[in-house]
Amino acid sequence: VRHDPEDSDLTYKLQFPDGQVDWFSGDAVEVLGSGPLPDKEAAHAAGQGGDWAGRPAGTPVQDEGFICMGGKAPICPTAPTTVALGEWASDSSARPAGTPVQDEGFICMGGMAPVCPPQARPTTGPITLEALQGEWVGSGGATIAVLGTDVAMNGMPLTQHKVTLRDDGTVSSIGTLWQCDCWAESGGGIEFRCSSTRENMECAKVEVWSRKSKSNDAWSERMKLLGYGGSSATPLSRGIEGCMPGTMGIEMPPGYATSKDREEVALLTSLVQQWREPESLKVRSYQVVPDFTNRAQTGLGVELVHFVATSMMTKGFKKHDGAQGHDIPVLVREPPSSAFHGEALKVWKQRVSEEEGFPPVRAPESEEIFTSLGNGHFFQALNLFDCQCTSINDANRKYIAGKDQALNEALTQGVTSVVLQHECPRLVRAKIAALLNTKREFFWTLSEDGKVDVSNMQENKEYCSQFEWLSKGMDAVQVDCLVRTHLGIKGSKRIMG
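Throughout the sequence shown, residue numbering follows our numbering, covering 3 to 499 in sequence.
Below, the structure is given as structure tokens:
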């Protein structure tokens with residue numbers, strides 16, 4: 003990598019395949035071939051092609067990695083004898099690891115080494131692991147750092163969510179949190195989808211990563227307002243539950259939440275009114291299977307199904323009464339002739355066969371069924387009672403309705419539900435399911451004659467636990483993890499990693 007014919011003792015600087023670099027005298031090296039050797043001027047012109055701001059004169063453009071990191075260079079011994087160099091080389095406090103004992107003079111002066119200019123980052127083409135390296139800022143303001151396949155968010159390592167790659171080396175996902183989609187239109191950013199699987203990720207929320215600016219006072223001030231100041235700057239040292247920076251919900255302008263609620267509630271009401279059947283209907287739980295457009299096609303979380311059933315057993319079945327009790331279910335009627343009838347049954351039967359703990363599928367293939375867009379976990383919890391199943395987390399608990407009159411009524415007579423026509427398109431079903439989960443604080447009214455008024459939704463402003471709120475927006479894998487964390491379950495075979 004360097005040839006200086008004027009110096010007979012340090013004529014050649016050679017780099018070996020393992021990365022080691024050293025100087026050799028002219029007599030110690032045999033040159034093969036007739037090609038030109040790199041001279042001092044060529045070495046200086048290699049790489050970036052010239053000097054850059056703040057670079058000490060004479061600094062090699064390509065040299066040992068430490069001189070590009072901006073740290074202090076070592077101070078060489080004043081008497082460069084063989085003995086002195088040997089003592090200095092063995093003193094770990096005197097020189098950074100990997101520093102050559104004899105090298106360019108500037109690294110022995112003790113000053114700050116230059117910081118090399120960063121390499122240009124790709125903004126087009128395949129999204130590879132190399133393109134993902136460095137610091138990013140997510141859509142919500144979170145700081146994300148990628149080093150190799152390790153990912154950290156706000157300084158906290160995501161040990162269960164590393165970068166996963168396809169066979170061709172391109173990025174597939176960040177664990178089961180985000181699915182890699184494409185380069186963002188606003189140059190340099192990357193679009194992810196908030197989904198644990200790639201199936202139907204097009205319907206999932208978009209998360210955009212943008213390169214973190216090294217000096218941006220406006221961005222820094224915004225991050226402080228979002229909660230990234232004070233002790234939140236070092237979240238790993240915090241001990242206050244729930245105080246995560248960036249979760250204050252003030253990243254949007256004033257009035258944004260109210261306006262967004264109004265628009266989404268109006269959209270939900272309009273879609274349901276357009277596709278619903280004229281009358282509400284009491285539906286029994288054995289007739290209900292999940293509509294696979296719900297929760298990003300991941301189906302239901304078995305842990306949450308058992309959590310709901312356990313709550314029914316310990317607290318009693320709570321009928322819908324204004325803002326109290328269970329939500330009014332939204333179902334789609336599927337006659338045997340419907341294209342979605344067989345598909346929904348097939349998908350749900352396969353899921354039940356693969357995941358221990360769900361109640362058996364009893365919906366008949368020759369009769370009409372109902373697919374759930376909302377309250378899917380609720381209906382399968384009722385099925386646990388109807389089949390008198392055993393708890394997956396307590397072998398001594400069996401789900402029996404007993405003397406609970408309201409629960410027995412729900413099992414034998416059914417639950418009043420809003421029923422949509424089977425012609426309702428798949429994309430409309432997915433949108434209704436998503437809105438039912440995100441607008442959980444809004445509810446319809448049920449009159450004494452059993453009719454549901456969907457023309458006007460009211461807001462429930464009573465207390466809602468963080469657990470309940472989070473469980474509405476998660477897919478099946480995530481909600482199972484949430485339930486285990488909430489209940490302190492550590493011995494489940496469903497725990498991955």
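Virtual Cβ for every residue (Gly too), placed ideally from N, Cα, C.
Asked                                                                                                                   : Found
Proximity of Asp293 and Ser374 at Cβ, strictly below 7 Å                                                                : yes
Residues of its chain near Ser368, where Cβ-Cβ distance is below 7 Å and the 5 sequence neighbours each way are ignored : Pro338
DSSP state of Lys15 mapped onto helix, strand, coil                                                                     : strand
Separation of Asp170 from Val210, as counted between CA atoms                                                           : 23 Å
7 Å Cβ cutoff met for Val485 and Leu306                                                                                 : yes
Residues bridged to Asp152 (per DSSP)                                                                                   : Leu149
Between the CA atoms of Glu279 and Asp183 - distance to the nearest angstrom                                            : 38 Å
Three-pair Cβ contact test at 8 Å for the region 147 to 167 versus the region 176 to 191                                : yes
Inter-residue Cα distance where the pair is Ser215 and Val479                                                           : 34 Å
Pair within 7 Å by beta-carbon distance, Arg213 and Ala206                                                              : no
Beta carbon of Gly190 nearer than 7 Å to that of Thr126                                                                 : no
Rounded Cβ spacing between Gln376 and Leu438 (contact assumed at less than 8 Å)                                         : A small correction: the amino acid at residue 376 is Gly; Gln does not occupy that position in the sequence shown. Contact flag correct, Cβ pair sits at about 4 Å.
Simplified DSSP state of Thr312, which is helix, strand or coil                                                         : helix
Sequence-distant residues of its chain with Cβ nearer than 6 Å to Ala311 (five each side left out)                      : Ala383, Leu386 and Tyr401
Coarse secondary structure for Gln480, derived from DSSP in three states                                                : helix
Between the CA atoms of Lys433 and Ile129 - distance to the nearest angstrom                                            : 30 Å
Beta-carbon gap between Gln289 and Phe372 smaller than 7 Å                                                              : yes
Buried versus exposed, by CB contacts within 10 Å (16 or more), Pro2                                                    : The chain is shown only over 3 to 499; residue 2 falls outside these bounds and no answer can be derived.
Cβ-Cβ distance between Val208 and Glu193 below 7 Å                                                                      : yes
Rounded C-alpha distance that separates Ser419 from Val285                                                              : 7 Å
Through-space distance from Val148 to Val139, alpha-carbon basis                                                        : 11 Å
Rounded Cβ spacing between Lys320 and His308 (contact assumed at less than 8 Å)                                         : Contact flag wrong, Cβ pair sits at about 17 Å.
Given Val291 as reference, the closest of Ala403, Leu273 and Glu336 once Cα atoms are compared                          : Glu336
CB of Ala435 within 7 Å of CB of Thr316, strictly                                                                       : no
Same chain only: Cβ atoms within 6 Å of Phe342, ignoring 5 sequence neighbours per side                                 : Glu336
Identity of the residue in Phe18, Asp29 and Gln17 nearest Pro10 by Cα                                                   : Residue identity differs from the one stated: residue 10 is Ser in this sequence, not Pro. Checked all of Phe18, Asp29 and Gln17; the closest Cα to Ser10 is Asp29.
Nearest neighbour of Leu131, chosen from Ser175, Arg353 and Pro159 [CA to CA]                                           : Ser175
Test item: CB-CB of Asp388 and Leu413 under 7 Å                                                                         : yes
Proximal residues to Ile394 (C-beta, below 6 Å), its chain only, five neighbours per side dropped                       : His308 and Gly359
According to DSSP, residues forming a beta bridge with Phe26                                                            : Tyr14
Local conformation of Ser354 per DSSP, three classes                                                                    : With the sequence shown as reference, residue 354 is identified as Val, and Ser is not the correct amino acid for it. Three-state result, Val354: helix.
Ser353 to Thr199 span [Cα, whole Å]                                                                                     : For clarity, residue 353 is Arg in the given sequence; the question names Ser instead. One C-alpha to the other measures close to 15 Å.
Sub-7 Å separation of Lys405 and Val267 beta-carbons                                                                    : no
N- and C-terminal bounds of the alpha helix (DSSP H) containing Arg428                                                  : Arg428 to Thr440
Presumed contact (8 Å Cβ cut-off) between Leu333 and Leu422, rounded CB distance                                        : 7 Å
Enclosing beta strand (DSSP E) for Leu160 [first to last residue]                                                       : Element bounds for Leu160: n/a, residue is neither H nor E.
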